[in-house]
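**Student:** Its first residue numbered 1, the sequence shown is counted upward by one per residue in our numbering.
Positions of the beta carbon are idealized from the N, C-alpha and C atoms, including for glycine.
Since we're looking at a predicted model, the values are computed, not measured.
Pasting in a structure now, in structure tokens, and then I'll have a few things to ask.
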Amino acid sequence: MLRVGIVGVGTMGRTHASAYTKLSNARLIGFTDAIADAARHVASQFGVQAFDSYEALLEQVDIVDICTPTPTHLELVLKAASAGKHILCEKPLGRTLQQCEQMIEAADKAGVTLMPAQVLRFFPEFKQARDLVLAGAVGTPAAIRTRRGGPYPRAANDWYADFEQSGGPILDMVIHDFDWLRWTFGEVERVFAKALTFKGLDHIDYALITLRLKSGAIAHVEANWADPGGFKVDFEIAGDAGMIAYDSRFAMPLTVAKQDAGGGGGGVAVPESPLAEDPYMLEIKHFVDSVQAGQPPSITAEDGMKAVEIALAAIESARTGKVIRLGGGA
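Structural data, given as structure tokens:
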């Protein structure tokens, strides 16, 4: 039975906590948070301990689940690795590539698992779309479009509003899509982005990012923190043999439009994914099972760093107006 401690009692910390309570091979020990009263309140809801310090929590657990603002990740991961604890860290893994490299090096040196919580891989519609792509449902993928957005997010200390901390919607939000695109379609070669400010903040709250993949395909990623409506996600995948589409606003499964020999086609509904469990539950179960088996998880720390690299390239492109080639090439 693996003992788990959670750092951070915001929405994600509580979501992860609920998942751990459903596992037979892990036991939630307690929480710690920069706001001690908040930690005590949430801990009482789950019937576990509230620790006064991160160091005290580390002494009692095998796994640390980090659900705190991005700029805190480096210190928390380094301390956990030094203590020999396995680590699930919320996305984005770090605010800079150097931070990611430090975390990876520390985890490798300590021989512990470090998995970034890129949960989109466990959402049924995204997993099923990938499975369909790999099965040849659209032929050779040529153009992909993803959109993700909603109202500006709020936190207890409004750290999202500090661009140097959050990286805005490009780093904090559509890093989900960057990871899924790499996982599904392969490596990204070049990045170009344009960004706008709608809400009078000191940083961007809307961005349109174009990725050129090494396969030759093009992906358009739209990030929006200025939408007054509810949170929404949609995507389209077009290839030389068909198209896959999904829109979270409609109560419908994925649709696949197949092109026939004459160039025509029609849409067909794809059965709902068999993944009936909550995506966060699936993510955490995969992490815990991997740690217990002594096997690397399917999402590596390097995957987390690659997603950060794409996001930072998009931020740089939006700032300079230039195309950014990944890996530092011209």
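Ordered along the chain, which non-local residues of its own chain (more than five positions away) have a Cβ less than 7 Å from that of residue 29?
**Tutor:** Start at 1 with the first residue of the sequence shown, and residue 29 comes out as number 29. 3, 4, 5, 48, 49, 60, 61, listed in sequence order.
**Student:** Look at the alpha carbon of residue 64 and the alpha carbon of residue 58, and state the distance between them as a whole number of angstroms.
**Tutor:** The sequence position of residue 64 within the sequence shown is 64, counting from 1. The sequence position of residue 58 within the sequence shown is 58, counting from 1. When rounded, the distance between both Cα atoms is 7 Å.
**Student:** Return the CA-CA distance between residue 341 and residue 296, expressed in angstroms with no decimal places.
**Tutor:** Here the chain has residues from 1 to 330 only, and residue 341 is not among them.
**Student:** When DSSP builds the beta bridges, which residues end up paired with residue 310?
**Tutor:** If you number the sequence shown from 1, residue 310 lands on position 310. Residue 310 is not bridged to any residue.
**Student:** Which same chain residues, not among the five before or five after residue 209, have their C-beta less than 6 Å away from its C-beta?
**Tutor:** As a first step, residue 209 is located in the sequence shown; it is residue number 209 there, counting from the start. Same-chain partners within the cutoff: 193, 221, 314.
**Student:** List, from N- to C-terminal side, the beta strand (DSSP E) runs of 3 residues or more that fit wholly inside the region 42–93.
**Tutor:** List check, beta strand (DSSP E) in window: 63–66, 86–90.
**Student:** Taking all protein chains shown into account, decide if residue 169 is buried (16 or more other Cβ within 10 angstroms of its Cβ) or exposed.
**Tutor:** In the sequence shown, residue 169 corresponds to position 169, counting from 1. Buried.
**Student:** On the DSSP letters alone, give me the boundaries of the alpha helix (DSSP H) that residue 109 sits inside.
**Tutor:** In the sequence shown, the residue the question calls residue 109 occupies position 109. Start and end: 97–110.
**Student:** Taking 8 Å as the limit between beta carbons, can you name the residues of its chain near residue 197, skipping five residues before and five after?
**Tutor:** Translated into the one-based positions of the sequence shown, residue 197 becomes position 197. If we look at residue 197 and ignore the five residues flanking it on each side, its Cβ neighbours are 203, 204, 205, 206.
**Student:** CB-CB under 7 Å to residue 327, same chain, minus the five flanking residues each way: which ones, in chain order?
**Tutor:** For this step, residue 327 is matched to residue 327 along the sequence shown. Nothing meets the Cβ criterion.
**Student:** Less than 8 Å between the beta carbons of residue 233 and residue 130, yes or no?
**Tutor:** Taking the first residue of the sequence shown as position 1, residue 233 is located at position 233. Taking the first residue of the sequence shown as position 1, residue 130 is located at position 130. No, they are not a contact pair.
**Student:** For the beta strand (DSSP E) holding residue 194, just list the boundary residues, first then last.
**Tutor:** Taking the first residue of the sequence shown as 1, we reach residue 194 at position 194. Taken as a continuous stretch (DSSP letters only), the beta strand (DSSP E) holding residue 194 covers 188–196.
**Student:** Going by CA-CA distance only, name the one from 287, 107, 91 that's closest to residue 72.
**Tutor:** Taking the first residue of the sequence shown as position 1, residue 72 is located at position 72. Considering only alpha carbons, the answer is 91.
**Student:** Between residue 96 and the ligand ATP, is there a pair consisting of the residue's CB and a ligand heavy atom that are separated by less than 7 Å?
**Tutor:** The ligand ATP is not part of the structure shown, which contains no ligands of any sort.
**Student:** Please name the residue in 101, 285, 231, 9 whose C-alpha comes closest to that of residue 54.
**Tutor:** Taking the first residue of the sequence shown as 1, we reach residue 54 at position 54. If we check each option's Cα against that of residue 54, 9 comes out closest.
**Student:** Could you tell me if residue 268 is buried or exposed, where buried requires 16 or more neighbouring beta carbons within 10 angstroms of its beta carbon?
**Tutor:** Along the sequence shown, read from residue 1 onward, the residue named residue 268 stands at position 268. Any reading at residue 268 must be qualified, since the residue scores a pLDDT of 43, below 50, and its modelled position is unreliable; the value itself is stated next. Residue 268 comes out exposed.
**Student:** Could you name the residues of the same chain whose beta carbon sits closer than 6 Å to that of residue 87, not counting the 5 residues immediately before and after it, in chain order?
**Tutor:** The residue given as residue 87 occupies position 87 in the sequence shown. 64, 77, 80, 114, listed in sequence order.
**Student:** Classify residue 331: buried if its beta carbon has 16 or more other beta carbons within 10 angstroms, exposed otherwise.
**Tutor:** Here the chain comprises residues numbered 1 to 330, so residue 331 is not present and cannot be evaluated.
**Student:** Considering only C-alpha positions, which residue in the set 43, 246, 25, 231 is nearest to residue 33?
**Tutor:** Counting from one through the sequence shown, the residue named residue 33 turns up at place 33. Among 43, 246, 25, 231, the Cα nearest to that of residue 33 belongs to 43.
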